[in-house]
Structure formats: structure tokens, C-alpha cells
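Asker:
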Amino acid sequence: MFELEDYITIIKSVLAFILIFYAAYMGGSLAVLCQYLRTQIIYDEQWRKLSEFPITHHACHVIRYFYTTSLVIGLCFLPVFAYVIFNFGLAAFFLLFFTAILGIVSAVCTYIVGLFNQVYLIMIAVEIFKGMRNQDEQFTSQILHTRHLEKKKNMRNFYICLLVRDFIIVPISYLLDLDQISRSTPFSISTAVTMLTSTSIFLSVPLAVITYLIKNSENRTTKNELQNMIFAQAVVSSVAVMIVLAIFLVLFFFGWFSVFFLSFAIQSTGFIVPLNIMITTVVHCKSINQRNFTAVVNLGRVQPLVVPIENLRNLQYANSSNV
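Note that the working numbering has the sequence shown beginning at -13, numbered continuously upward.
1) Could you give the residue range of the alpha helix (DSSP H) that holds L148?
2) Could you give the residue range of the alpha helix (DSSP H) that holds L88?
3) Taking its Cβ as the centre, do 16 or more other Cβ atoms sit within 10 Å of I(-3), making it buried, or is it exposed?
4) Buried or exposed, going by whether 16 or more other CB atoms sit within 10 Å of the CB of H131?
5) Using the beta-carbon count (16 or more within 10 Å), is V48 buried or exposed?
6) Please state whether the Cβ-Cβ distance between Q213 and L148 is less than 8 Å.
7) What whole-angstrom Cβ distance do I59 and S15 have, given they're in contact under 8 Å?
8) So, are the CB atoms of T280 and T25 less than 8 Å apart?
9) Got a sec? Which residues, its chain only, sit under 7 Å from A45 by beta carbon, not counting five neighbours each side?
10) Grouping DSSP H, G and I as helix and E and B as strand, with all else coil, what is M118?
11) Between the alpha carbons of Y22 and F240, how many angstroms are there, rounded?
12) Does DSSP put E31 in a helix, in a strand, or in coil?
13) Quick one: any contact between the stretch 106 to 117 and the stretch 175 to 190, if contact means 3 or more CB pairs under 8 Å?
14) Run through DSSP, which three-state label would T267 get?
15) Pull up the distance between the alpha-carbon of Q276 and that of P40, whole angstroms please.
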């Protein structure tokens, strides 16, 4: 029989594993962050001439300020949480109380990053559904500026819609769930609302990727650098969602299927969005640098001069006649 101390030991082990995983995730994110910000500075002026620039520029802004703040505060919390887990007492309680202010700041930044993850996925899904045709060279500066403003307006509207969902629609759905519980109805309104307004956002990206591949299986359109990078990010997000769906499909055959946990698992793939953006950007820009370096090297190679032998004989004859 398990005693209370055994359960406490198991809980401590699980929390320690979560802390180690979270510390590795934050450390890796901060390591990639420096290269990502440096890459954004280098390519900022070049990418500004592309219509997808507002999407990636907004991503850089959110990652630089809000995502970095949440990571730094999280790293500061790790020693505190480790102390509280293994030495819980009055001192640990006061330590948690004094770190509550930082916790509020971290919670706000994390919430903003969560909203950004969904808005970013919506924007790249819309871009992929449009076909991702490279027509920026045909646009004048005025048309390009208009397209930038249109994308910024769309992102602002998406943020407003998500805020209305989180602070109005979702609370109302939970209140309606309380009424359903009193009537002993198994149907959950909040789960349905979550599936329609949140989970569908994460499913839209793999759907957009599959639709794009089917439509352009024979005639591949030429994409610009930002479109290639956005599409690569969409593929990574789609793979993460597909893995979750495959796992729950296996669980469904074993009778362990739950719509609530499926929705939660699909939405949990959003935590990789900032890391996906940073890694994909760094890798893609390194490939651009490699291609440019190869092109410069090939241009710098001087081909050997091949002169027909008849021309050499004529030249020798002309020199001898001059003498």
C-alpha cells in the first residue's frame, strides 16, 4: 500500500522532471534568441520590400519583448520552485509571496504570447490558402505600403476577436455549462466553444498546407524568401499537430479517447510556435547565406581562355610580316 510520503515523493519527482524539461526549453530558446534577433537586424531592410514583412516583423517584436520577458522571469522562478518543492515550509511560503509580482508580469507576457501564437498561425494559414504567389516585384511602393497596412489591420482585428472570445464568449460558455450540469446533460458547451474558436486555429495550418500541396502538386509557384520561410514554419506546426492526432487515434482504438484532452493537446502545440519561428528563421537565413556565398564563388572563378589554333597562326604570321 502506498503511503502519503510515497505519493509526495512521486509528485516531487514529476515536478522535478517538469522543471528540468522547462529549464532545457528556456535555455535552448534563449540560445537561439540571440541568433534570431541578429538575423532579423541583418535582413530587416531586405524583407521590408516584401508583402509578408508585417507578419514576420510583428513576430520579432513579440518575441523580443514579451517572449523574452516570460523566459527570463521563468528562469528566475526555477530556483524558487526547486526550493519550494524540496524544502516547503514557512520560508518557502514567504518566498513565493514576494515573487508574486514577477509572477503576474510573467502571466501577462505569457498570455500575450499565447494570443500571438494563434494570430500568427491564422495569418500564415491565410497566406498559404491564398497560394503564396511571388508578385512583390510587380508592386509599386504605394501598393506594397497598402498591403502592409492591410495585414496590420487584419492582425489587429484577430487580436480583438481573440480577446472577445477569452473574456466574453468563454466565460458565458462556462456559465452555461453550470446550467447543463444542474440538468445532468452530458453535452459540454465550453468544450464545443473551445473546439470551434481555439482548436480550429491550430487545425487550420495543416489544412492550409495540405490544400496548397494538392493545388500546386504539378505547377509549383515561385515563392519569395519570406514565403519559403513561412511555409517551412507551417510544415513544422502541421507535423506537431499530426503527431498529436496520430497519438489520440491510437488511444481511440484502446478506448481512452477524450475530446477535451484532444483539444487541449492540439492547443498545447502552440508553445513551440516562437521556437519554431526562431529556429526556422535562423536555418533559412543560413541557407540563403550559403547560396549567396556559392554564387559569389562561382562568379569569381575565371574560365580558361580558349583561342582557336588558326587565330594563333594568323597572329604569328602578322608578327613575322611586321618584322
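Glycine included, every Cβ here is placed at the ideal spot set by N, Cα and C.
Answerer: In terms of the structure at hand:
1) S127 to V150 is the span of the alpha helix (DSSP H), which, as asked, contains L148.
2) That run of the alpha helix (DSSP H) goes A86 to F115.
3) That one is exposed.
4) With fewer than 16 Cβ atoms within 10 Å of its Cβ, H131 is classed as exposed.
5) Under this definition V48 is a buried residue.
6) Against a cut-off of 8 Å, the Cβ pair of L148 and Q213 comes out as no contact.
7) The C-beta separation of I59 from S15 comes to about 13 Å, leaving the pair out of contact by the 8 Å criterion.
8) Going by C-beta atoms, T280 is not nearer than 8 Å to T25.
9) Contacts found: Y106 and I263.
10) DSSP places M118 in coil when its eight states are reduced to three.
11) The C-alpha of Y22 lies about 43 Å from the C-alpha of F240.
12) E31 falls in the helix class under three-state DSSP.
13) Counting Cβ pairs under 8 Å, three or more are found: they touch.
14) Here T267 sits in helix by DSSP.
15) Answer to the nearest angstrom: the Cα atoms are 26 Å apart.
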